[in-house]
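All remarks here apply to the structure that follows.
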Amino acid sequence: MKTLNKINSIFFSLLLVAVLLVTGIQGISAAPKSTTINREGVMVSYIGDNYKWARFTTADGKVAYCMDVTKKWPEKSLSASLLGEADKGVRYILENGYPYKSIYGNKAVDQFITQAAVWWYLADTGQTGQLSTELTSTGADPYNIRPLIKKLVDEAKDAKDNVNVTLNVNVNNTNMALSSDGKSFVSEAITPSMTGAGKYTVTVNNGASVVDANGNKKDTFNAGEAFKVVVPSNSIGGTTNFKVTVKASATVNKAYIYQPGGSDYQRVTALYPEEVNVSKDIALVARMDKPRVCVDYVIVGSVRPDPNLTDPTPGKTCYDKGTKYNQEKQLTTRQENCKFNGWYTKDNLTGKWVDGTALNKDMTLYGAWDCGDVINVPNTNSTISLIMVGTGIAALVAGVGIIVYRRKKLTE
Numbered sequence: 001m002k003t004l005n006k007i008n009s010i011f012f013s014l015l016l017v018a019v020l021l022v023t024g025i026q027g028i029s030a031a032p033k034s035t036t037i038n039r040e041g042v043m044v045s046y047i048g049d050n051y052k053w054a055r056f057t058t059a060d061g062k063v064a065y066c067m068d069v070t071k072k073w074p075e076k077s078l079s080a081s082l083l084g085e086a087d088k089g090v091r092y093i094l095e096n097g098y099p100y101k102s103i104y105g106n107k108a109v110d111q112f113i114t115q116a117a118v119w120w121y122l123a124d125t126g127q128t129g130q131l132s133t134e135l136t137s138t139g140a141d142p143y144n145i146r147p148l149i150k151k152l153v154d155e156a157k158d159a160k161d162n163v164n165v166t167l168n169v170n171v172n173n174t175n176m177a178l179s180s181d182g183k184s185f186v187s188e189a190i191t192p193s194m195t196g197a198g199k200y201t202v203t204v205n206n207g208a209s210v211v212d213a214n215g216n217k218k219d220t221f222n223a224g225e226a227f228k229v230v231v232p233s234n235s236i237g238g239t240t241n242f243k244v245t246v247k248a249s250a251t252v253n254k255a256y257i258y259q260p261g262g263s264d265y266q267r268v269t270a271l272y273p274e275e276v277n278v279s280k281d282i283a284l285v286a287r288m289d290k291p292r293v294c295v296d297y298v299i300v301g302s303v304r305p306d307p308n309l310t311d312p313t314p315g316k317t318c319y320d321k322g323t324k325y326n327q328e329k330q331l332t333t334r335q336e337n338c339k340f341n342g343w344y345t346k347d348n349l350t351g352k353w354v355d356g357t358a359l360n361k362d363m364t365l366y367g368a369w370d371c372g373d374v375i376n377v378p379n380t381n382s383t384i385s386l387i388m389v390g391t392g393i394a395a396l397v398a399g400v401g402i403i404v405y406r407r408k409k410l411t412e
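Mapping the sequence shown onto our numbering, position 27 (from 1) lands on 27, and the numbers just tick up by one.
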């Protein structure tokens, strides 16, 4: 065990050199590598007389839009393979079109506007053939939707890239400070800097807790909020290292392109959300200046009283080296029907702890509870006493029996 602790100490010391450890960034894409493109019907024309376009969905129910105005529509149902990601302009149109946003206030009209905007944007940016002037300028527009299409196209041309999800965690002092009452070690206030995410979570090992600026335990924080790491000082037996992991995530939308059938069919595009996760690890250390030793309390046996109503409880507690420890003072309980049978130096409940012994090295003490079940705790003196008491009682009963018998005989 000592060798393992030494290895762990060396390992964490190496981590402290860098302070900021490995950063993990992982995107979880929901877009399938292949799908089926289903034609769901035809959109009626809302500009001019010649624009009746097909409506498409993917196998997982996403609304899809055609991209190549000069090619033929996919058939009623065609298998399609993923080609890649459309540009930020297409993504912007899908994000702000049907079915995600209301443009005109009518679903059928909104879908027509979105399809027209995709083709118009792609034509203006040289990614598909030119649209007829009937759609872009000369055709009748009884619903006055041409300005809405043009507005969506112009905004798509100015669209920005997805905001990258970034996370950075800087620590000025990795050494945790002992609180004024000496009861705990506390880190400095740590405020991660983030982009693209509104919340972050914190986890820590080795029995430490995460708190907010007011000392309240929590593990999830809003962007801009600070956290601290706290650990009871009585659990620190010298130098203890802590690994703190900060994580943030956000969902970004991506427009993916699928090719149904052969290249003579129009490509289609659909919007898929993608979760992006980022994480940072930092290392903190709590160091007790005074020499400390730790006692690991282990409860043996099947009896387990409610720990919320019981002292002592299992776990590790550390003391100044040389402390004269009186375990009997620790044996308090609020259990009504349970008795604690004391601490022993061996797991078979032998070698009872001698009060007043100085703690000069780390050790384990074993104890057991009796809540109605019999727990045999070896104790020669008490055993002899019980035998003597039992023998005395037996002799007394025998004597009383003789006296009663003799009296009966005398009265006959």
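C-beta atoms are modelled at their ideal positions from N, C-alpha and C, and glycine is treated no differently.
As the structure is a computational prediction, the values presented were derived from the model and not from experiment.
Sequence-distant residues of its chain with Cβ nearer than 6 Å to residue i (five each side left out)
{"i": "Tyr-98", "result": "Asp-110, Gln-111 and Thr-114"}
{"i": "Asn-379", "result": "Model confidence at Asn-379 stands at a pLDDT of 43, short of 50, so the residue's coordinates are unreliable and nothing is read from them."}
{"i": "Gly-351", "result": "Tyr-344 and Thr-345"}
{"i": "Gln-130", "result": "Ala-123"}
{"i": "Tyr-92", "result": "Ala-156 and Ala-159"}
{"i": "Thr-58", "result": "Thr-35, Ala-64 and Ala-270"}
{"i": "Tyr-143", "result": "Tyr-46"}
{"i": "Asn-168", "result": "Ser-193"}
{"i": "Thr-203", "result": "Thr-245"}
{"i": "Lys-247", "result": "Thr-201 and Ser-279"}
{"i": "Asp-49", "result": "none"}
Classification of residue i by the beta-carbon crowding that lies within 10 angstroms, buried from 16 upward
{"i": "Leu-83", "result": "exposed"}
{"i": "Asp-281", "result": "buried"}
{"i": "Ala-140", "result": "exposed"}
{"i": "Ser-279", "result": "buried"}
{"i": "Pro-260", "result": "buried"}
{"i": "Lys-361", "result": "exposed"}
{"i": "Ser-184", "result": "buried"}
{"i": "Ala-189", "result": "exposed"}
{"i": "Gly-367", "result": "buried"}
{"i": "Met-194", "result": "buried"}
{"i": "Thr-128", "result": "buried"}
{"i": "Ala-358", "result": "exposed"}
{"i": "Tyr-417", "result": "Any property of residue 417 remains undetermined from this structure, which presents the chain solely from 1 to 412."}
{"i": "Gly-224", "result": "exposed"}
Residues that DSSP places opposite residue i in a beta bridge
{"i": "Gln-127", "result": "Partner(s): none; Gln-127 has no beta bridge."}
{"i": "Ala-80", "result": "Thr-35 and Pro-260"}
{"i": "Phe-185", "result": "Leu-178 and Val-231"}
{"i": "Phe-340", "result": "Trp-369"}
{"i": "Tyr-319", "result": "Val-293"}
{"i": "Gly-41", "result": "Arg-55"}
{"i": "Thr-220", "result": "Thr-201"}
{"i": "Tyr-92", "result": "Note: Tyr-92 sits in no beta bridge, so no partner."}
{"i": "Asn-173", "result": "DSSP, once it has assigned bridges, lists no residue as partnering Asn-173."}
{"i": "Met-363", "result": "Val-295"}
{"i": "Asn-241", "result": "Val-285"}
Rounded Cβ spacing between residue i and residue j (contact assumed at less than 8 Å)
{"i": "Asn-96", "j": "Leu-152", "result": "6 Å"}
{"i": "Thr-317", "j": "Cys-294", "result": "7 Å"}
{"i": "Gly-315", "j": "Ser-233", "result": "Not really, about 14 Å apart at Cβ, beyond 8 Å."}
Run of the alpha helix (DSSP H) containing residue i, from where it starts to where it stops
{"i": "Ala-156", "result": "146-157"}
{"i": "Tyr-265", "result": "Premise fails: Tyr-265 is in no alpha helix (DSSP H) and is neither H nor E."}
Segment limits, beta strand (DSSP E) that includes residue i
{"i": "Val-298", "result": "292-299"}
{"i": "Asn-167", "result": "First, the residue type needs correcting, since residue 167 is Leu and not Asn in the sequence shown. Counting along the chain, the beta strand (DSSP E) containing Leu-167 begins and ends at 166-168."}
{"i": "Val-211", "result": "209-211"}
{"i": "Ala-64", "result": "63-66"}
{"i": "Ser-132", "result": "Ser-132 -> no beta strand (DSSP E), and no H or E assigned at all."}
{"i": "Thr-195", "result": "193-195"}
Contact set for residue i: own chain, Cβ-Cβ below 7 Å, skip 5 residues either direction
{"i": "Thr-220", "result": "Lys-199 and Thr-201"}
{"i": "Leu-284", "result": "Thr-174, Met-176, Ser-187, Val-229, Phe-242 and Val-244"}
{"i": "Arg-287", "result": "Asn-175 and Thr-239"}
{"i": "Thr-364", "result": "Asp-296 and Val-298"}
{"i": "Leu-178", "result": "Phe-185 and Ser-233"}
Own chain, CB closer than 8 Å to residue i, minus 5 neighbours either side, in chain order
{"i": "Arg-39", "result": "Ala-54, Arg-55, Phe-56, Trp-73, Pro-74, Glu-75, Lys-76 and Ser-77"}
{"i": "Tyr-414", "result": "Only positions 1 to 412 of the chain appear in this structure, which leaves residue 414 out of reach."}
{"i": "Val-120", "result": "Before going on, a small fix: residue 120 reads as Trp here, not Val. Only Leu-131, Leu-135, Thr-136, Ile-149, Lys-150 and Val-153 meet the Cβ criterion."}
{"i": "Val-42", "result": "Lys-52, Trp-53, Ala-54 and Arg-55"}
{"i": "Tyr-100", "result": "Leu-94 and Leu-271"}
{"i": "Met-388", "result": "Note that Met-388 has pLDDT 45, beneath the 50 cutoff, so the model's placement of it is unreliable and the number below is only indicative. Cβ neighbours of Met-388 beyond the five flanking positions: none."}
Residue i at chain B interface by Cβ criterion, 9 Å
{"i": "Thr-174", "result": "Reference to chain B is not applicable here, since this structure consists of a single protein chain."}
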